[in-house]
Amino acid sequence: MDEERIIRDFLGDRPDAAQLAEWVQALRDRLTGLQEEAKSASAERAEALEPQIARLKRQIAALEEEAAITRFVQDSVRVTLAMGAATEAGGEEG
Numbered sequence: 268m269d270e271e272r273i274i275r276d277f278l279g280d281r282p283d284a285a286q287l288a289e290w291v292q293a294l295r296d297r298l299t300g301l302q303e304e305a306k307s308a309s310a311e312r313a314e315a316l317e318p319q320i321a322r323l324k325r326q327i328a329a330l331e332e333e334a335a336i337t338r339f340v341q342d343s344v345r346v347t348l349a350m351g352a353a354t355e356a357g358g359e360e361g
């Protein structure tokens with residue numbers, strides 16, 4: 268079984284770090300759009316956008332944290348697989 272397949276099986280239904288990073292970028296793009304809209308909008312409209320902007324910032328922070336954790340898990344699986352392969356290779360020599 269190849270490394271990426273093992274990682275995919277380990278993550279199950281959860282998205283991988285790359286997918287989470289894509290979601291973060293999409294939310295950042297949306298945040299930038301809302302912030303630009305708020306700059307050029309009336310004071311009333313800008314105030315109405317504040318809750319959406321705050322919510323997007325929280326979502327981005329949460330996804331960034333999830334991406335970091337997932338990246339760590341993926342890297343840990345890779346290291347574990349590499350250590351196992353090294354142990355097996357070392358055992359064959361002896």
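Per this note's numbering, the sequence shown starts with residue 268, numbered consecutively.
All residues carry an ideal CB built from backbone N, CA and C; glycine is no exception.
Since the model is a prediction, treat every value here as computed from it, not as a measurement.
Look at the beta carbons and you see the stretch 269-278 not touching the stretch 289-309: under three pairs across the two are nearer than 8 Å.
Distance from the CA of VAL340 to the CA of LEU278, rounded to the nearest whole angstrom, comes to 9 Å.
Here ASP342 carries a helix assignment [DSSP, helix/strand/coil].
For SER307, the enclosing alpha helix (DSSP H) starts and ends at 284-307.
Shortest Cα-Cα distance from GLU333 to any of PRO282, THR299, LYS324, GLU355 involves PRO282. Here GLY351 carries a helix assignment [DSSP, helix/strand/coil].
In the three-state reduction of the DSSP assignment, ARG281 falls in the coil class.
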